[in-house]
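Engineer: A single structure is presented below for examination.
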Amino acid sequence: MHGLVHKTLKEYVVDQTDDAEIDAILETLSGMATQDRRAIERDVGRTLAPDLLSTFSAHVSPDWEASDLLAELERVYDDVETATDDVSLPAISSRHEFDHGVVTYETHRDTTYCGMAHGVLEGVVAAFDGDATVTETACVDDEADKCRFRVDLE
1 MHGLVHKTLK EYVVDQTDDA EIDAILETLS GMATQDRRAI ERDVGRTLAP
51 DLLSTFSAHV SPDWEASDLL AELERVYDDV ETATDDVSLP AISSRHEFDH
101 GVVTYETHRD TTYCGMAHGV LEGVVAAFDG DATVTETACV DDEADKCRFR
151 VDLE
């Protein structure tokens, strides 16, 4: 019974939480913590990454390395978007070059959650290659058209 209550509450939160509530939680946390909101978003993103990988594991090969993930990211994203057609996802694109990848993130939401996107990307890449480094190179919060991240494969 206890497990069923937690499962139901978890589904309720997923079904009922909107951006205003997420913003309020993030603002409250940043008011209580020593980190700023952006750092908290990034931590939340890193924490979300393993669950996202688990949820969408059918779309990702366990044999991949980070470079494979970057090369296949758009296909994986398209598959996930098709599988979750009741949810409006942000736009993601990726480009893999010899020693690094570039991932862009653009959302239709009023709040961009760029820090969370950064953290999710860090967490996902770490699951495939613990030595890769993710660096934000452009952000809509700084007047860029999209958020861009460079993933250095070491």
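Numbering (the working numbering), first residue to last: 1 to 154. Yeah, the Cβ is synthetic: ideal placement off N, Cα and C, and Gly gets one too. Quantities reported herein were computed from a predicted structural model and do not represent experimental measurements.
1. Are Gly-101 and Gly-45 touching if we call contact CB-CB under 9 Å?
2. Kindly confirm or deny that the segment 141-150 and the segment 101-110 touch, where touching means at least three C-beta pairs closer than 8 Å.
3. Quick one: grab the DSSP three-state call for Phe-149.
4. Which of the three DSSP states, helix, strand or coil, is assigned to Tyr-113?
5. For Phe-128, count neighbouring C-beta atoms within 10 Å of its own C-beta (all shown protein chains included) and say buried if the count is 16 or more, exposed if not.
6. Which value, in whole angstroms, describes the spacing of the CA atoms of Met-32 and Phe-98?
7. Taking Ser-88 as the reference, give the member of Asp-79, Arg-109, Arg-95 with the closest Cα.
Structural biologist: Judging by the given coordinates:
1. In this structure, Gly-45 does not lie closer than 9 Å to Gly-101 by Cβ.
2. Yes, since at least three Cβ pairs between the segment 141-150 and the segment 101-110 fall closer than 8 Å, the two stretches touch.
3. strand
4. coil
5. By the neighbour-count rule (16 or more Cβ atoms within 10 Å), Phe-128 is buried.
6. Rounded to whole angstroms, Met-32 to Phe-98 spans 42 Å at the Cα level.
7. Arg-109
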